[in-house]
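K.L.:
Per my numbering, the sequence shown starts with residue 5, numbered consecutively.
The beta carbon of each residue, even a glycine, is placed where N, CA and C say it ideally should be.
None of the values given here were measured: they were computed from a predicted structure.
Structure in structure tokens, see below.
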Amino acid sequence: MMNRLLKGYGGKKRFIVMILVFVFIFNASFSSTVFAAKPSRLDKTSPTMPLNLRLVATTDTSVSLSWDASTDNISVNNYEVYMDNVKIGTTYTTTYKANYLTPEHTYQFYIRAKDAAGNSSSNSNTLVVTTLRTTSGIPTAIPTISATPTPLPTVIPTIAPTATPAPSIAPTAIPIATPIATPSPTVVPTATPNPTVTVTPIPTSIPTPSTKLVGYYAAWAAYSGFTPEKIDANKLTHINYAFANIGSDLKITLGYPDVDPSNIAKLNALKQSNPNLKTLIAVGGWSWSARFSDAALTAESRSVFANSCVDFIVKYGFNGIDIDWEYPVAGGLSTNIRRPEDKYNFTLLMQTLREKLDAREVIDGKEYLLSFAGAAGSWYVNNIELSKLQLYIDYANIMTYDIHGTWDTYTDFNAPLYNNNDTSPQLKWSVDTSINTWLKAGFPADKLILGVPFYGYLFKAVADVNHGLYQTYSGSASISYANIAANYLNASGYTRYFHAESMVPWLYNGSTFITYEDEESMRLKAEYIKTKGLGGAMIWELSQDPNRVLLNAIYNGLK
5 MMNRLLKGYG GKKRFIVMIL VFVFIFNASF SSTVFAAKPS RLDKTSPTMP
55 LNLRLVATTD TSVSLSWDAS TDNISVNNYE VYMDNVKIGT TYTTTYKANY
105 LTPEHTYQFY IRAKDAAGNS SSNSNTLVVT TLRTTSGIPT AIPTISATPT
155 PLPTVIPTIA PTATPAPSIA PTAIPIATPI ATPSPTVVPT ATPNPTVTVT
205 PIPTSIPTPS TKLVGYYAAW AAYSGFTPEK IDANKLTHIN YAFANIGSDL
255 KITLGYPDVD PSNIAKLNAL KQSNPNLKTL IAVGGWSWSA RFSDAALTAE
305 SRSVFANSCV DFIVKYGFNG IDIDWEYPVA GGLSTNIRRP EDKYNFTLLM
355 QTLREKLDAR EVIDGKEYLL SFAGAAGSWY VNNIELSKLQ LYIDYANIMT
405 YDIHGTWDTY TDFNAPLYNN NDTSPQLKWS VDTSINTWLK AGFPADKLIL
455 GVPFYGYLFK AVADVNHGLY QTYSGSASIS YANIAANYLN ASGYTRYFHA
505 ESMVPWLYNG STFITYEDEE SMRLKAEYIK TKGLGGAMIW ELSQDPNRVL
555 LNAIYNGLK
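So, in structure tokens, the structure goes:
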């Protein structure tokens, strides 16, 4: 055959040409085969840098992070989490929790995105976080605050507030001293008793289910030592365990598998001391609401999700399900999936859950509860169908807190009971305004559970004007009531003030402003619940008041 080729092409030159042709064909074939098998070698484009790395929550031993998603010319595969320049984990979502940290220690975090080809993005912004101290009861200096969470405000301001006349009676300083009569909203506020930090004896009476006292227990509280057996279950009618996550298959799953089984077993054991106690699994929350829109989208997806919820509560011994979708249509983390049709699909999802629970009740011969947690702002009410949702649920927990916080420009109250007549540079909203908004939307009062916070907000570098209220600041953080009581309430230089119209206290020392709840504000909120005929109170969250100061106050107020 080679002789025929030589003759056809005429001599050595043609032979050399043929060899070169064969080499070229072979190389082209080999190259195409290799690149077809591993197309990723062609991808040299790195993902974009993760943006807005921020702090979601911190304890003395953990830090929860969130960031905005990266983009890539093909797709982002995962995110690598670095602490103090050492890789500590990989995640396929835009959230991460670093556990087992040292109290009162400063850490530096940053994130890198990676694609399937192994290309890495540039480092995100570096976030410096100092873990909290373990509560010791000894007043200390104000903790270093390097980053603050940026949750969605309870009210989305759409109209600039107009200034109103200042109240005729300005709030005055109340030294922490001998208690005297509680002020009414129309008189000058006066001193109230110091909250104590001692555990009072458990009363023999247990709250009846007609007035609910719902407490959220956060799974991560176990990391700092507040395990479920430390809950005073005799003062609660319901405990919501936060949180279960939603998998890519749209089925719910354990959120903290390293502690969840032990926590859940201890929660169920609390029913021995309070046989009327009901436990519910709370699904989603701020960090894990990304897939709710997909779960609610079709009849098939709703059925998959609802079936998994029923299977979950049967397996782990819960009495019901609490849906914490933050939030349908708008709001929540920027990475959440959201659709305009969420407004209607949320109703259909709750209807499906109710139907599945009813069917299981027939099999098991027991009642299963269904509730949801909702935001306090009118924007949220406009994005759901409250009048229809109430047909399928036993009750709803309204998050009447975070009305103001670290995302605002000015210091203000976390959970003011009423609007006041102060001249304020930012939009006014209150617990009362929130409750009335829900009621006007067709939600029955006896199914509405008013949320109370067992935490406050601390603001630093606040001007010494108006006792720190409605002032700009530099540095802020969420702070538990336990931390406030141990380190600030009786600390030198701090004065307690009480707003006679908003009916909430605050602390101020000339530069640090703390909005919080105490025994007096809890008693007033309990009175409000009874006056309005509401279904009860909800607590976020139990580990933030381990000495039961606020728990005792709201419990006694509801009796």
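Can you check which of these residues, Asp76, Phe458, Thr65 and Asp47, is closest to Pro54 by C-alpha distance?
P.N.:
Of Asp76, Phe458, Thr65 and Asp47, the residue nearest in Cα terms is Asp76.
K.L.:
To the nearest angstrom, how far is it from the Cα of Leu554 to the Cα of Ser307?
P.N.:
Straight-line Cα distance between these residues: approximately 40 Å.
K.L.:
Based on Cα-Cα distance, which residue from Gly540, Leu217 and Glu389 lies nearest to Gly446?
P.N.:
Nearest C-alpha to Gly446: Glu389.
K.L.:
Quick one: what's got a C-beta closer than 7 Å to Ser50's C-beta in the same chain, skipping five residues either side?
P.N.:
So the list reads Asn123, Ser124 and Ser125, once near-sequence residues are dropped.
K.L.:
Give the range of the alpha helix (DSSP H) segment to which Lys48 is assigned.
P.N.:
Here Lys48 belongs to no alpha helix (DSSP H), and DSSP marks it neither H nor E.
K.L.:
Taking the DSSP output, what are the residues bridged to Ile402?
P.N.:
Per DSSP, Gly378 and Leu454.
K.L.:
Provide the residue(s) that pair with Tyr114 in DSSP beta bridges, ordered along the chain.
P.N.:
BP columns for Tyr114 point to Tyr86.
K.L.:
From the DSSP output, which residues share a beta bridge with Leu538?
P.N.:
Beta-bridge pairing links Leu538 to no other residue.
K.L.:
Just the Cα atoms here: how many angstroms apart are Tyr399 and Asp362?
P.N.:
Taking the straight line joining both Cα atoms gives about 16 Å.
K.L.:
Let me know if Ile367 comes out buried or exposed under the rule of 16 or more other beta-carbons within 10 Å of its beta-carbon.
P.N.:
By the neighbour-count rule (16 or more Cβ atoms within 10 Å), Ile367 is not buried but exposed.
K.L.:
Measuring alpha carbon to alpha carbon, tell me which of Lys239, Tyr114 and Asp88 ends up nearest Lys563.
P.N.:
For the residues Lys239, Tyr114 and Asp88, the minimum Cα distance to Lys563 belongs to Lys239.
K.L.:
Is it the case that the Cβ atoms of Asp119 and Asn81 are separated by a distance below 7 Å?
P.N.:
Their beta carbons are under 7 Å apart, which means Asp119 touches Asn81 by this criterion.
K.L.:
From Leu46 to Ser79, what does the alpha carbon distance come to, in whole angstroms?
P.N.:
Whole-angstrom Cα-Cα distance: 14 Å.
K.L.:
Comparing alpha-carbon positions, which option in Ser214, Lys529 and Val263 lies nearest Phe230?
P.N.:
With distances taken between Cα atoms, Phe230 lies closest to Val263.
K.L.:
Tyr492 and Leu511 look like a contact to me (Cβ under 8 Å); what is the Cβ gap, rounded to whole Å?
P.N.:
Yes, Tyr492 and Leu511 are in contact; Cβ-Cβ is about 6 Å, under 8 Å.
K.L.:
So what does DSSP say about Phe463, is it helix, strand or coil?
P.N.:
Residue state, collapsed to three classes: strand.
K.L.:
Work out the CA separation of Ile558 and Tyr405 for me, nearest whole Å.
P.N.:
So the two alpha carbons sit approximately 15 Å from each other.
K.L.:
Grab me the residues of Glu233's own chain with a C-beta within less than 8 Å of its C-beta, minus the 5 sequence neighbours each way, in chain order.
P.N.:
The answer, listed in chain order, is Lys270, Ala273 and Leu274.
K.L.:
Which partner residues of Ala61 appear in the DSSP bridge assignment?
P.N.:
DSSP, once it has assigned bridges, lists Ser68 as partnering Ala61.
K.L.:
Which value, in whole angstroms, describes the spacing of the CA atoms of Val201 and Ala490?
P.N.:
Interpretation of Val201 is limited by its pLDDT of 35, a score under 50 that renders its predicted location unreliable; the figure taken from the coordinates is listed afterwards. Roughly 8 Å separates the two Cα atoms.
K.L.:
For the alpha helix (DSSP H) that Arg343 lies in, which residues bound it at each end?
P.N.:
Taken as a continuous stretch (DSSP letters only), Arg343 belongs to no alpha helix (DSSP H), as it is neither H nor E.
K.L.:
Thinking C-alpha only, which one of Phe458, Asp436, Glu505 and Pro448 is nearest Asp567?
P.N.:
Here the chain covers residues 5 to 563 and nothing more, so residue 567 does not appear.
K.L.:
Would you identify the three-state DSSP class for Leu390, choosing helix, strand or coil?
P.N.:
Looking at Leu390 - three-state DSSP - the assignment turns out to be helix.
K.L.:
Mind reading off the beta-carbon distance from Phe113 to Tyr86? Whole number of angstroms is fine, and I expect it under 8 Å.
P.N.:
Indeed, because the Cβ distance is near 7 Å, the residues count as touching under 8 Å.
K.L.:
I'd like to confirm the pairing. Which residues does DSSP put opposite Gly324 in its beta bridges?
P.N.:
Per DSSP, Leu284 and Leu373.
K.L.:
Quick one: residues in its chain with C-beta nearer than 8 Å to the C-beta of Thr65, no 5 flanking neighbours on either side, listed in chain order?
P.N.:
Cβ within range, chain order: Asn103, Tyr104, Leu105, Thr106, Pro107, Thr135, Tyr227 and Ser228.
K.L.:
In this structure, does DSSP put Arg500 in helix, strand or coil?
P.N.:
Here Arg500 sits in strand by DSSP.
K.L.:
Just to confirm, are Ile268 and Ser297 a CB contact at a threshold of 7 Å?
P.N.:
Not a contact, by the Cβ cut-off of 7 Å.
K.L.:
For Ala222, list the residues DSSP reports as bridge partners.
P.N.:
Answer is Ala246, bridged to Ala222.
K.L.:
Can you give the Cα-Cα distance for Phe316 and Tyr372, rounded to whole angstroms?
P.N.:
When rounded, the distance between both Cα atoms is 12 Å.
K.L.:
Quick check: Thr339 and Ala73, are their CB atoms within less than 7 Å of each other?
P.N.:
Going by C-beta atoms, Thr339 is nearer than 7 Å to Ala73.
K.L.:
In angstroms, rounded to a whole number, what distance separates the CA positions of Lys101 and Ser68?
P.N.:
For Lys101 and Ser68, the distance between alpha carbons rounds to 4 Å.
K.L.:
Would a C-beta distance cut-off of 7 Å place Phe309 and Ile285 closer than the cut-off?
P.N.:
It is not a contact, given that the beta carbons lie outside the stated cut-off.
K.L.:
Mapping the DSSP letters down to three states, classify Asn551 as helix, strand or coil.
P.N.:
It is coil, neither helix nor strand.
K.L.:
Answer yes or no: do Leu59 and Asn129 have a C-beta to C-beta separation smaller than 7 Å?
P.N.:
Not closer than 7 Å, so no.
K.L.:
By alpha-carbon positions, which one of Gly324, Leu258 and Gly289 ends up nearest to Lys282?
P.N.:
Checking every option, the nearest Cα to that of Lys282 belongs to Gly324.
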